[in-house]
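Sequence positions in the sequence shown follow mature numbering (1 follows the signal peptide of the UniProt record, and there is no 0) and run -20 to -1, 1 to 43.
The beta-carbon is built from N, C-alpha and C at its ideal position, and this holds for glycine as well.
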Amino acid sequence: MKSILIPLAMAGALAVSGCATLKGAGIGAAAGAGVAAVTGHDAGKGAAVGGATGAVVGTVVGD
């Protein structure tokens, strides 16, 4: 199951790569919570990680 998380994380990063910081954080949080719920992990932690990742990707790509 862990082998699927890296491609999903990369796909999520690619999906939010064109977003601004706030939009990227929102999409990342939703994607993180969804992936965590599907894989049987804590959705709150997944949302936190996804939100942080989306914000960082949005900041880096947006500038």
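Nearest to Gly38 by CA position, among Ala16, Ile7, Ala(-12), is which residue?
Minimum Cα distance to Gly38 is reached at Ile7.
Let's test the definition: count the other Cβ atoms within 10 Å of the Cβ of Ala(-10) and tell me whether it reaches 16, buried, or not, exposed.
Classification of Ala(-10): exposed, given that the 10 Å Cβ count is below 16.
Use the C-beta contact count for Gly34: other C-beta atoms within 10 angstroms, 16 or more gives buried, fewer gives exposed.
buried
What does the alpha-carbon distance come out to for the pair His21 and Gly4?
The straight-line gap from Cα to Cα measures roughly 22 Å.
Applying the criterion that 16 or more other CB atoms from any shown protein chain within 10 Å of the CB defines a buried residue, is Gly24 buried or exposed?
exposed
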